[in-house]
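*Asks:*
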Ligand SMILES: Cc1cc2nc3c(=O)[nH]c(=O)nc-3n(C[C@H](O)[C@H](O)[C@H](O)COP(=O)(O)O)c2cc1C
Ligand code: SF4
Ligand code: SF4
Ligand code: SF4
Ligand code: SF4
Ligand code: FES
Ligand code: FES
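Chains as they are written, first to last, in the working numbering: chain P, 207 to 824; chain U, 3 to 259.
1) Just verifying my parser: in three-state terms, what is the DSSP assignment at residue 260(P)?
2) Quick check on residue 277(P): does DSSP put it in helix, strand or coil?
3) Less than 7 Å separating the beta-carbons of residue 667(P) and residue 746(P)?
4) Please report how far the alpha carbon of residue 6(U) lies from the alpha carbon of residue 19(U), in whole angstroms.
5) With the cut-off set at 7 Å, would you say residue 792(P) and residue 784(P) are in Cβ contact?
6) If you check the beta carbons only, do residue 417(P) and residue 546(P) fall under 7 Å apart?
7) Consult DSSP for residue 353(P) and reduce its assignment to one of helix, strand or coil.
8) For residue 682(P), which residues in chain U fall below 7 Å Cβ to Cβ?
9) Could you tell me which uninterrupted alpha helix (DSSP H) segments, each at least 4 residues in length, are contained entirely in the segment 422-457 of chain P, listed from first to last along the chain?
10) Does the pairing of the segment 644-664 of chain P with the segment 607-624 of chain P give three or more beta-carbon distances under 8 Å?
11) Excluding sequence positions up to five away, which residues of its chain have a Cβ less than 7 Å from the Cβ of residue 103(U)?
12) So, does the CB of residue 54(U) fall closer than 7 Å to a CB anywhere in chain P?
13) From which residue to which residue does the alpha helix (DSSP H) around residue 285(P) run?
14) Would you mind telling me which residues of chain P sit closer than 7 Å to residue 121(U), beta carbon to beta carbon, in chain order?
15) Given this structure, state the Cα-to-Cα distance separating residue 581(P) from residue 589(P), to the nearest angstrom.
16) Ordered along the chain, which non-local residues of its own chain (more than five positions away) have a Cβ less than 7 Å from that of residue 663(P)?
17) Compute the minimum distance between the beta carbon of residue 180(U) and the heavy atoms of ligand 4, and state whether it is under 6 Å.
18) Let me check you understand the geometry: is the CB of residue 136(U) closer than 6 Å to at least one non-hydrogen atom of ligand 4?
19) So residue 294(P) is in the beta strand (DSSP E); what residue range does that whole segment cover?
20) Cβ closer than 7 Å: which chain P residues qualify as neighbours of residue 41(U)?
21) Rounded C-beta distance between residue 137(U) and residue 187(U)? I'm assuming under 8 Å.
22) Indicate whether residue 561(P) and residue 568(P) have their beta-carbon atoms separated by less than 7 Å.
23) Between residue 140(U) and residue 181(U), which are expected to be in contact by the criterion C-beta below 8 Å, what is the C-beta distance as a whole number of angstroms?
24) Please list, in chain order, the chain U residues whose beta carbon lies closer than 9 Å to that of residue 704(P).
25) Compare the C-beta of residue 36(U) with all C-beta atoms of chain P and state if any pair is closer than 7 Å.
26) Taking 7 Å as the threshold (beta carbon to beta carbon), is residue 93(U) in contact with chain P?
27) Under DSSP, the alpha helix (DSSP H) around residue 469(P) begins and ends at which residues?
28) Can you list, in chain order, the residues of its chain with a C-beta nearer than 6 Å to that of residue 215(U)? Leave out the 5 residues immediately preceding and following it.
29) Under three-state DSSP, which class holds residue 498(P)?
30) Helix, strand or coil for residue 706(P), going by three-state DSSP, please let me know.
31) For residue 396(P), return the contacting residues in chain U, with the cut-off set at a CB-CB distance below 8 Å.
32) Starting from residue 167(U), trace the beta strand (DSSP E) in both directions and tell me its first and last residue.
33) From residue 232(P) to residue 596(P), what distance separates their C-alpha atoms?
34) Interface residues of chain P around residue 97(U) at Cβ under 8 Å?
35) For residue 613(P), collect the residues of the same chain with a Cβ closer than 6 Å to its Cβ; drop the 5 residues on either side in sequence, then sort them by chain order.
In structure tokens:
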């Protein structure tokens, strides 16, 4: 059915809510990428069979949602209104869950989330600190709605912002509201969205485009994929509002450029677009407003650099995904040289909320210059990993030590890398910095897409810098001299440092290379790639010096610089190391202190891992 | 008529057309800015980064490449400060390190004060291509033969012919090798050899104009200007095509290629 007025939209919401009244319980099974990988489909089959067998299909609503946010405990099931979350669910648990929780209303503590640190078990979903410490605005609906049913989204207020934008606002007013909100692009640069839209609206031409950047190539980051999976209509609604604001209605249109490795996000968003068309929310004369606008999907070119705005547009045109100089902005001449407003998935997801509740309300979260909430993906040496949405005035510490629970296994925290492969590494002394765009830039790092990688004391900062430089070398398009040659040179020098073959002058050379790349590269990939090197030299200079002058790797990571030895005081002579050593380098009599022959040792690290008494030193 | 604007270059006020490429303004005003990947007849590719200059607006400033930066009113441009020079020199040093045995590059570097490089070559003896893209640009945009392109990315990037085979579409015009600042581009020589082997010496040639036969009459007594192949080529490429200019220079010099 095609909706032809906002009243009909309200009617759909009311009807849908009424249709749910018969249900006493809602079971939301997470069908996100991680939970799917961890076997949620089997759980689903068993659950369906069980509900049917017990004749519960009319009183229990079963939905498959997108990522619910605690991927480290996949697969997840949440049950409402009981406010229960079960983790690491196995098909064998279903009978008990249905009989105890669904029928009798009793929570099963064994299946609930237990904090690995203090052993506390949380029987209420909303009390788990990982969630209760967050401010979930964009992700608020993700655990509760069925992304494949547009009516579910409409029933929680979806497309109301669109109705407001279409019937109560002029394009200029929409742009003004977005400008007033201070919304900044979430794709990395933090460019003011209102300013971009204003330029897009002003740019001459009848063919204009709004484009959603869902290329998300940052390793370890998956906030955009997660939003598309769990709440695709939020993005679609944002884009239609944007289309009205900048004048990208037909004959212009919309594109979503989705990373090719995101099959689930791709199928969810395609399905959602089809649904929206069927309900008259995309296509001709949307909601009877006269605006015609449609969105097409394009699969990404498969390279990290395709996420860069000019490369993305080249790729959309079917050309190689390489950046071009940006002296003429893409809002003026982008896709096919026509005005194109490109925003990140998360940026678009912010739009409906701002339009519906106003810029003032939006600014209640975050700082003056970085208002609103930001989704971070927290990974690395931290107890709780996952997607975290918090306002941008929170500190790095509250994210990593608070919500993330700090480093696991009693290890000490050493550094936090923000901003993905081209971000900087902040030392523990900088953890009280706010997670906002400008503060992070000033500290020599950046917000990037919101990837946060936590590192503990076993990390070697030179090795980390080398790792990120290698990533960028592989992803560089190779077009411009500073990026192509600079990255290869940095890789060479850093490798020398990790092998103890470098000299102190090499540090100055690295810094010079960094400044050259920042100033001289054609696109932001090369211009930001030196950050990991420059920030580690800035904050961990002593570690570089120890490698170069002392020929030692304090983190015990750089193979060439490690010497294994037995710490006599700790060795019990258990012989575990002898068993695992592949070259027979370790020897010793039972119950006597063992020793390692460095001539035979291949530095495989097996003895170090095998020793239960911390008696192997490196 | 484009709008006339005023900009400042190294403290001189100069007039320019709005959004005119900065390099044109610099050339007109006699301000030296080196370039390696730029040619007037080819769309700016902007990759060698040796033409770096600084633009400021009030307290804000940015490094840009002169070859493709469109000037705007009141831009304040600096082409010779230390930071600009060091960006440029590093790009030159990097390219010299990549191609230490390419004489044109060695000469170019030396003329900008770079005589040694900290960047070791990536392969023994050095590379023979600085990836400036002039060959690809001229072949695709000016000649229209589309016989060249880029393949791979990052360190592996290189200039190749379609499917790595010798391209049928190459018309042996020699534009690519005329513009190539290194010794890599020798497409027309190879094509010439292929044509010779296929047709023998009696084939009325399309490459006579390339300087093999001074005076424009080839070994078969064809008057090259009337040769249909060359006529066609002139149609595609136009009289001002760099290769015609290059050829004229070669033939006037009377040297056999
Ligand atoms: C190498 C590189 C990769 C990028 N990848 C992405 C990406 O995956 N997703 C994204 O939204 N923006 C990415 N960007 C940023 C885009 O160029 C662009 O700034 C952004 O999509 C604009 O949207 P925003 O203003 O909403 O942030 C990338 C930039 C660079 C330089
Ligand atoms: S900075 Fe790197 S990725 Fe960007 S255009 Fe230059 S070579 Fe390509
Ligand atoms: S495993 Fe550890 S404690 Fe056991 S013999 Fe080897 S060094 Fe000693
Ligand atoms: S000689 Fe061949 S490859 Fe070179 S520019 Fe002419 S047509 Fe292109
Ligand atoms: S072959 Fe010559 S013209 Fe072509 S990219 Fe390499 S250096 Fe430039
Ligand atoms: S995929 Fe299920 S919680 Fe993230
Ligand atoms: S001449 Fe400007 S970048 Fe090469």
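The C-beta atom is built at its ideal place from N, Cα and C for all residues, glycine as well.
*Replies:* Based on what the coordinates show:
1) coil
2) helix
3) yes
4) 5 Å
5) yes
6) yes
7) coil
8) 155 and 156
9) 429-436 and 438-452
10) yes
11) 127 and 128
12) yes
13) Here residue 285(P) belongs to no alpha helix (DSSP H); instead the beta strand (DSSP E) covers 283-286.
14) 691 and 695
15) 18 Å
16) 617, 618 and 620
17) no
18) no
19) Note, residue 294(P): premise wrong, no beta strand (DSSP E); not H, not E.
20) Within chain P, no residue comes near residue 41(U); the closest Cβ sits about 16 Å away, beyond 7 Å.
21) 5 Å
22) no
23) 5 Å
24) Simply none; closest approach about 18 Å.
25) no
26) yes
27) 469-484
28) Note that residue 215(U) scores a pLDDT of 44, beneath 50, so its modelled location is shaky; the value from the coordinates is reported in the next line. Excluding sequence neighbours, residue 215(U) sits near nothing in its chain.
29) coil
30) coil
31) Ordered by position in chain U, no residue passes the 8 Å Cβ test against residue 396(P), which lies about 16 Å from the chain.
32) Element bounds for residue 167(U): n/a, residue is neither H nor E.
33) 27 Å
34) 687 and 691
35) 587, 619 and 662
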